[in-house]
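**Student:** If you scroll down you'll find the structure; I have some questions about it.
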Amino acid sequence: MSPRVRTPALAVLMTLGAACAASQPAAEPEATPVSTAPTPPPTPRDEGHVVTFHGVDVPDPYHALEDLDAPDTQAWVVAQRDHARAWLDALPSRPALRDRLAALWRHARWGTPERRGGLLFHAYNDGTQDQAVLMVRQSADDPGRVLVDPNPWSEDGTVALGGWSVSDDGRWLAYAIAEAGSDWRTWKVRDVRTGEDLPDELLWVKFSNATWLPDGSGFFYNRYPEPSQTGDATFADLANQAVWFHRRGTPQTDDVLIHEDPEHPQWGFDASVPEGGEHLVLYVGQGTEEKNRVWTWRLADLPLDRPGARTTVPPTKVLDDFDASYLLVSLVDGRLLLRTDQGAPRGRLIAVDLAHPERAAWRELVAEQPDALRSATRVGDHLVLSYLHDATSLLHVHALDGRLEHTVALPGLGTAGFVSGHAGDPEGFLSFEGFTTPDTVLALDPATGATATVFTPEVPADLGPWVTEQVFVPGKDGTRVPVFLVHHKDLDRSRPHPTLLYGYGGFDIPITPAFRVMTLAWLEQGGVYASANLRGGGEYGRAWHDAGTKTSKQNVFDDLIASAEWLVDQGWTTPAQLGVHGRSNGGLLVGAVLTQRPDLFGAAVPSVGVLDMLQYHRWTIGWAWASDYGTAEESEEMFRYLLRYSPVHNTRPGVRYPPTLVTTGDHDDRVVPGHSYKFAAALQHDQGGDAPILLRVETRAGHGAGTPVSLLVDEQADVLAFLWESLGGSTSP
Numbered sequence: 067m068s069p070r071v072r073t074p075a076l077a078v079l080m081t082l083g084a085a086c087a088a089s090q091p092a093a094e095p096e097a098t099p100v101s102t103a104p105t106p107p108p109t110p111r112d113e114g115h116v117v118t119f120h121g122v123d124v125p126d127p128y129h130a131l132e133d134l135d136a137p138d139t140q141a142w143v144v145a146q147r148d149h150a151r152a153w154l155d156a157l158p159s160r161p162a163l164r165d166r167l168a169a170l171w172r173h174a175r176w177g178t179p180e181r182r183g184g185l186l187f188h189a190y191n192d193g194t195q196d197q198a199v200l201m202v203r204q205s206a207d208d209p210g211r212v213l214v215d216p217n218p219w220s221e222d223g224t225v226a227l228g229g230w231s232v233s234d235d236g237r238w239l240a241y242a243i244a245e246a247g248s249d250w251r252t253w254k255v256r257d258v259r260t261g262e263d264l265p266d267e268l269l270w271v272k273f274s275n276a277t278w279l280p281d282g283s284g285f286f287y288n289r290y291p292e293p294s295q296t297g298d299a300t301f302a303d304l305a306n307q308a309v310w311f312h313r314r315g316t317p318q319t320d321d322v323l324i325h326e327d328p329e330h331p332q333w334g335f336d337a338s339v340p341e342g343g344e345h346l347v348l349y350v351g352q353g354t355e356e357k358n359r360v361w362t363w364r365l366a367d368l369p370l371d372r373p374g375a376r377t378t379v380p381p382t383k384v385l386d387d388f389d390a391s392y393l394l395v396s397l398v399d400g401r402l403l404l405r406t407d408q409g410a411p412r413g414r415l416i417a418v419d420l421a422h423p424e425r426a427a428w429r430e431l432v433a434e435q436p437d438a439l440r441s442a443t444r445v446g447d448h449l450v451l452s453y454l455h456d457a458t459s460l461l462h463v464h465a466l467d468g469r470l471e472h473t474v475a476l477p478g479l480g481t482a483g484f485v486s487g488h489a490g491d492p493e494g495f496l497s498f499e500g501f502t503t504p505d506t507v508l509a510l511d512p513a514t515g516a517t518a519t520v521f522t523p524e525v526p527a528d529l530g531p532w533v534t535e536q537v538f539v540p541g542k543d544g545t546r547v548p549v550f551l552v553h554h555k556d557l558d559r560s561r562p563h564p565t566l567l568y569g570y571g572g573f574d575i576p577i578t579p580a581f582r583v584m585t586l587a588w589l590e591q592g593g594v595y596a597s598a599n600l601r602g603g604g605e606y607g608r609a610w611h612d613a614g615t616k617t618s619k620q621n622v623f624d625d626l627i628a629s630a631e632w633l634v635d636q637g638w639t640t641p642a643q644l645g646v647h648g649r650s651n652g653g654l655l656v657g658a659v660l661t662q663r664p665d666l667f668g669a670a671v672p673s674v675g676v677l678d679m680l681q682y683h684r685w686t687i688g689w690a691w692a693s694d695y696g697t698a699e700e701s702e703e704m705f706r707y708l709l710r711y712s713p714v715h716n717t718r719p720g721v722r723y724p725p726t727l728v729t730t731g732d733h734d735d736r737v738v739p740g741h742s743y744k745f746a747a748a749l750q751h752d753q754g755g756d757a758p759i760l761l762r763v764e765t766r767a768g769h770g771a772g773t774p775v776s777l778l779v780d781e782q783a784d785v786l787a788f789l790w791e792s793l794g795g796s797t798s799p
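Mind the numbering: the sequence shown is residues 67 to 799 in this note's numbering, read in order.
Here it is as structure tokens:
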């Protein structure tokens, strides 16, 4: 999907390279417009405005669109939205696609259950709800009851359950409310037995979980200082996150300050209380970079019973270098079991003695393997390790001392999602899905490695005709780029077909097989779906990720371009029938390949994209992405590299760009909508052909999380109809 802020245990998705001269087309490309589009609303240009880096003035004619609250900006957005709406509503295929998407969404869906106090807690949607509810059950067979239902919280369905955490005994629930797609959260506390809320209300919380004390008396969380700026606090700049302890049933003003660090305002934190309940473990991170420190306190040394206190006891800095990723798996006999890529780019499992944390005393439990270790979870007295082999999942069960016990037989090639489990649990739970395999919930017996199906969605569609194959495309520099192809088993390979290519390539996020209603609807229309695993992602470990960052970012775009050229060369599609789509960091990907190779695509949809690469770090949480992108301010070399591929700065007058639908949300406080506004304006101004350049702005929507199903259906209908008509699907035999 997109950019993110990551402390070692919490990831918040976010966004993205450089265009070398060799990537530019040799001649003016030929686009294939759906039809001649009406002239878009005019956008005022400030020809004299520049931004200056390292003595170089860069024109920034659409800087006024960065002021999201300005009346002129809001009026322009309304005009653009109305223009796009009229055009999209006229697409012949849209009504049928919308009906089909709505029907496909109407099936029950489970989230992965978590066991607490003998009860199972999980997200659930019965297929008719805009927002998933939180269920509690005695067992997987028990019908259970709804514990939290966000659907009555707003008439338009845009207020969502934004996170939850249950105390160890299953008695207390901390849950977060997210409004209009914003990353800000308001946390509350509910009695699981009665379903009633306590008076607790925690404000100014963002990028935080809630970590309970073992006795359920309170929890640790992170918050930012209350924004002092006037205007909409949604888009406040973020700095100085701090760790707090909240005692259940008390006002937020009584919370205990555990840790703050004004000298490092961009450091972020994530708290954990591991088995035994004697220690607080704190991850310390810098933005999205996959490197962190590990500090600890003894809980007995913290003033948790003194309202409004400030901790004076310094932490024990067990690991105090930003040299690698260290993720806590468990605490066993005074040793931290950590998943790390220190000395192992694909990951390994180590034990660090709290009494002797020096590196010479570290013990390796599971050595680095040929496949990438993505996560490790303790379930009972076992460790479940999740690996990726060519972007598909493998699960191994190990003893606490690291010995391999079982290899878990999964239902096929696909993605084993989040594994839930704790030290005292008799079983764990996980999800499994593929491109045409709905998200199925499995129970895992760690003693035997056997799985049992807990829940299988009943999707109102015949899933039998579709097949998934994986190919390996030679990249520009010879790199082996995996691409999944999904299509009808009887597809006529004697002719090309409308094909949708999806990619991401960033922030160590792997793009693995996933069931999406939108993908299924595209396949049912007769299209081919291609998903490329690009450098910059997390499919093959740290080296693969690093090869798509900073001054290697062009590798990501080259990998996507190579995948597109391969699809054309092999006869799957033609440039006029090839669409490209990506979100967030993937929106940057689409913007970059669109401006570098407009001749290669018949349509493009950059969604919630990071598109102004010179200034992204100046807005909200954008600074946190510098580990992947670099910034224009850090060096002249980095500035010139970013300038070469920044989509906002690389549209060219007179080029015939293919039909392009730029999408964003007006409450996106992760990748602010100004990125999309400026890119759409630049494309509209420079368009040398008659293909439409549209800006679709969703109101009361953010980066994607918490979007109600009704809005998802509308957005997906617009995107699919736009692509289908643009790629000639409506006239395909």
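Glycine included, every Cβ here is placed at the ideal spot set by N, Cα and C.
Since we're looking at a predicted model, the values are computed, not measured.
My parser needs the beta strand (DSSP E) runs of 3 or more residues fully inside the region 754-785; what are they?
**Tutor:** Those beta strand (DSSP E) runs which fall completely within the region 754-785 and span 3+ residues are 759-764.
**Student:** Rounded to the nearest angstrom, what separates alanine 513 and glycine 494 at their Cα positions?
**Tutor:** The sequence position of residue 513 within the sequence shown is 447, counting from 1. The sequence position of residue 494 within the sequence shown is 428, counting from 1. So the two alpha carbons sit approximately 11 Å from each other.
**Student:** For valine 763 and tryptophan 685, which I take to be in contact (beta-carbon distance under 8 Å), what is that distance rounded to the nearest angstrom?
**Tutor:** Translated into the one-based positions of the sequence shown, residue 763 becomes position 697. Translated into the one-based positions of the sequence shown, residue 685 becomes position 619. Actually they are not in contact, since the Cβ atoms of valine 763 and tryptophan 685 sit about 17 Å apart, beyond 8 Å.
**Student:** Taking the straight line between their C-alpha atoms, what separation do you get for asparagine 716 and leucine 404?
**Tutor:** If you number the sequence shown from 1, residue 716 lands on position 650. If you number the sequence shown from 1, residue 404 lands on position 338. So the alpha carbons of these two residues sit roughly 44 Å apart.
**Student:** Any beta carbon from chain B within less than 8 Å of glycine 770's own beta carbon?
**Tutor:** No chain B appears in this structure, which consists of one protein chain only.
**Student:** What is the DSSP secondary structure of valine 379, reduced to helix, strand or coil?
**Tutor:** The residue you call residue 379 lines up with position 313 of the sequence shown. Valine 379: coil per DSSP, three-state reduction.
**Student:** Provide the residue(s) that pair with histidine 741 in DSSP beta bridges, ordered along the chain.
**Tutor:** Taking the sequence shown and counting its residues from 1, one reaches residue 741 at position 675. Answer is none; histidine 741 lacks a bridge partner.
**Student:** Given a threshold of 16 other Cβ atoms within 10 Å of its Cβ, counted over all protein chains shown, does valine 122 qualify as buried or as exposed?
**Tutor:** Numbered from its first residue, the sequence shown carries residue 122 at position 56. Under this definition valine 122 is an exposed residue.
**Student:** Here's a check: name, in chain order, each residue in its chain whose Cβ is nearer than 6 Å to the Cβ of arginine 256, leaving out the five neighbours to either side.
**Tutor:** Taking the sequence shown and counting its residues from 1, the one referred to as residue 256 is at position 190. Excluding positions up to five away in sequence, the list reads Leu239 and Asp263.
**Student:** Rank His448, Gly483, Pro540 and Ser459 by C-alpha distance to the C-alpha of leucine 470 and give the top, closest one.
**Tutor:** As a position in the sequence shown, residue 470 is number 404, starting the count at 1. Out of His448, Gly483, Pro540 and Ser459, His448 has the C-alpha closest to the C-alpha of leucine 470.
**Student:** Using 10 angstroms around the beta-carbon of glutamate 781, count the other beta-carbons present and answer buried if the total reaches 16, otherwise exposed.
**Tutor:** In the sequence shown, counting from the first residue as 1, residue 781 sits at position 715. Under this definition glutamate 781 is a buried residue.
**Student:** At the level of alpha carbons, what is the spacing between tryptophan 219 and leucine 279?
**Tutor:** Position 153 of the sequence shown holds residue 219. Position 213 of the sequence shown holds residue 279. One C-alpha to the other measures close to 29 Å.
**Student:** In whole angstroms, give me the CA-to-CA distance for serine 497 and leucine 510.
**Tutor:** Taking the sequence shown and counting its residues from 1, one reaches residue 497 at position 431. Taking the sequence shown and counting its residues from 1, one reaches residue 510 at position 444. Going from the Cα of serine 497 to the Cα of leucine 510 covers about 10 Å.
**Student:** Starting from phenylalanine 705, trace the alpha helix (DSSP H) in both directions and tell me its first and last residue.
**Tutor:** The residue you call residue 705 lines up with position 639 of the sequence shown. Here the alpha helix (DSSP H) through phenylalanine 705 covers 702-711.
**Student:** Does the separation of the CB atoms of aspartate 235 and lysine 254 fall below 8 Å?
**Tutor:** Start at 1 with the first residue of the sequence shown, and residue 235 comes out as number 169. Start at 1 with the first residue of the sequence shown, and residue 254 comes out as number 188. Their beta carbons are not under 8 Å apart, which means aspartate 235 does not touch lysine 254 by this criterion.
**Student:** Does the count of Cβ pairs from the region 530-542 and the region 408-425 closer than 8 Å reach three?
**Tutor:** Result no; under three Cβ-Cβ pairs closer than 8 Å.
**Student:** For arginine 601, which of Asp321, Ala457, Ser283 and Leu708 has the nearest alpha-carbon?
**Tutor:** Working through the sequence shown from its first residue, we reach residue 601 at position 535. If we check each option's Cα against that of arginine 601, Ala457 comes out closest.
**Student:** Where does the unbroken beta strand (DSSP E) through alanine 246 begin, and where does it stop?
**Tutor:** The count along the sequence shown starts at 1 and reaches residue 246 at position 180. Where alanine 246 is concerned, there is no enclosing beta strand (DSSP E), given that its DSSP letter is neither H nor E.
**Student:** Taking all protein chains shown into account, decide if histidine 683 is buried (16 or more other Cβ within 10 angstroms of its Cβ) or exposed.
**Tutor:** Taking the sequence shown and counting its residues from 1, the one referred to as residue 683 is at position 617. Buried is the call here.
**Student:** Per DSSP, what kind of secondary structure is proline 562 in: helix, strand or coil?
**Tutor:** If you number the sequence shown from 1, residue 562 lands on position 496. Proline 562 falls in the coil class under three-state DSSP.
**Student:** Less than 8 Å between C-beta atoms, sequence neighbours within five positions excluded: which residues of the same chain meet that for threonine 377?
**Tutor:** On the sequence shown, position 311 is the one that residue 377 refers to. Correct list, in chain order: Val322, Leu323, Ile324, His325, Trp363, Leu368 and Pro369.
**Student:** Alpha carbon to alpha carbon, what distance is there between asparagine 306 and aspartate 386?
**Tutor:** Position 320 of the sequence shown holds residue 386. Position 240 of the sequence shown holds residue 306. One C-alpha to the other measures close to 19 Å.
**Student:** Tell me the rounded alpha-carbon separation between arginine 64 and histidine 611.
**Tutor:** The structure shown does not extend to residue 64, since the chain is modelled only from 67 through 799, so no value can be given for it.
**Student:** Which residues in the same chain as arginine 608 place their Cβ atom closer than 6 Å to its Cβ, once the five residues preceding and following it in sequence are excluded?
**Tutor:** Residue 608 sits at position 542 when you count from the first residue of the sequence shown. These residues qualify, in order along the chain: Asp407 and Pro411.
**Student:** Quick one: grab the DSSP three-state call for valine 78.
**Tutor:** Position 12 of the sequence shown, counted from the start, is the residue given in the question as residue 78. Because the pLDDT of valine 78 is 35, which lies under 50, any placement of that residue in the model is unreliable, and the number read from its coordinates should be weighed accordingly. The answer is coil: DSSP assigns valine 78 none of H, G, I, E or B.
**Student:** By DSSP's criteria, histidine 472 is part of a beta bridge. Which residues make up the other side?
**Tutor:** Position 406 of the sequence shown, counted from the first residue, corresponds to residue 472. The partner list for histidine 472 (beta bridge, DSSP) reads Val463.
**Student:** Mapping DSSP to helix, strand and coil, what is tyrosine 570?
**Tutor:** Here the question's residue 570 lines up with position 504 in the sequence shown. Tyrosine 570 falls in the coil class under three-state DSSP.
**Student:** In or out: histidine 330 buried (at least 16 other Cβ within 10 Å) or exposed?
**Tutor:** Within the sequence shown, residue 330 is the residue found at index 264, counting from 1. Result: exposed.
**Student:** Check whether the region 280-290 touches the region 334-348, taking contact to mean three or more Cβ pairs, one atom from each stretch, closer than 8 Å.
**Tutor:** Touching, yes, given that three or more Cβ pairs across the two stretches are closer than 8 Å.
**Student:** Helix, strand or coil for serine 618, going by three-state DSSP, please let me know.
**Tutor:** Start at 1 with the first residue of the sequence shown, and residue 618 comes out as number 552. If DSSP states are grouped into helix, strand and coil, serine 618 belongs with the helices.
**Student:** On the three-state DSSP scale, how would you describe phenylalanine 285?
**Tutor:** If you number the sequence shown from 1, residue 285 lands on position 219. Strand at phenylalanine 285.
**Student:** Rounded to whole angstroms, what's the CA-CA distance from alanine 152 to aspartate 222? Just pull it up for me.
**Tutor:** In the sequence shown, counting from the first residue as 1, residue 152 sits at position 86. In the sequence shown, counting from the first residue as 1, residue 222 sits at position 156. Taking the straight line joining both Cα atoms gives about 22 Å.
**Student:** With DSSP as the reference, label serine 101 as helix, strand or coil.
**Tutor:** Reading the sequence shown from its first residue, position 35 is the one you call residue 101. Residue placement at serine 101 is flagged as unreliable, the pLDDT there being 49, under the threshold of 50; the coordinate-derived value follows with that caveat. In this structure, serine 101 counts as coil in the three-state DSSP scheme.
**Student:** Run through the DSSP bridge pairs and tell me what asparagine 191 is partnered with.
**Tutor:** Numbered from its first residue, the sequence shown carries residue 191 at position 125. According to DSSP, asparagine 191 bridges with Arg175.
**Student:** With respect to the beta strand (DSSP E) encompassing aspartate 511, which residues constitute its N-terminal and C-terminal limits?
**Tutor:** For the purposes of this step, residue 511 is taken as residue 445 along the sequence shown, with counting starting at 1. Residues 503-511.
**Student:** Alpha helix (DSSP H) containing proline 137: first to last residue?
**Tutor:** Residue 137 sits at position 71 when you count from the first residue of the sequence shown. Looking at the DSSP string, the run of the alpha helix (DSSP H) that includes proline 137 is 137-155.
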